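Residues -21 to -1, 1 to 111 (mature numbering (1 follows the signal peptide of the UniProt record, and there is no 0)) make up the sequence shown, in order.
Ideal Cβ placement from N, Cα and C applies to all residues, glycine included.
From a predicted model like this one, the values you see are computed outputs, not experimental measurements.
Beneath this line is the structure, given in structure tokens, with notes to follow.
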Amino acid sequence: MLKTRIAAFTVFAFSFHAALAQPLASVSEFTQPQIFTEWVQNRCMGYIADSAALKEDANASAAAWLEASELPVEAFNEADTLITQALKTPAGGTAKSDYRVLKCSLIAHSPEIAALYQQFAGRKTSRGVENF
């Protein structure tokens, strides 16, 4: 009986490890609205980062999303303004915390960011050149 349980656990552990070993999705597999949302989240994380290493990583990650986007740079400039304003808004919960990461999630998925995407979606660019 014990051998059966050990064997079952081994199979489960191996299967779980194999599932985790799957490659991450490519940035190019995301939709344009998702790319913009992820950029907002990563950019926001750069603003709230306590360490230089995390700030650098968040900004590099945001740059990767920016490169995959078809939106004009103005969309990102306006989103930056929204991010900095929204980070000043208090957020709360049951724990004593600033909830900065929660704020970044809420900002990225906010109606304001969705509206900003829609505003600029019709003015997509391709590698910085306007499509007419």
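Could you say if the stretch 40 to 51 and the stretch 83 to 93 meet the contact criterion of at least three C-beta pairs nearer than 8 Å?
no
Q11 versus I92: straight-line alpha-carbon distance, rounded:
13 Å
Ends of the alpha helix (DSSP H) at D36?
A31 to A47
Which same chain residues end up closer than 7 Å to A41 when comparing Cβ atoms and leaving out the 5 residues on each side of it in sequence?
W18, N21, R22 and G25
According to DSSP, simplified to helix, strand and coil, what is G101?
coil
Between M24 and the ligand ADP, is the CB less than 7 Å from at least one heavy atom?
This structure simply doesn't include the ligand ADP, nor any ligand for that matter.
Just the Cα atoms here: how many angstroms apart are R106 and E35?
Low per-residue confidence applies at R106: pLDDT is 46, beneath 50, and the placement is therefore not dependable enough to give any value.
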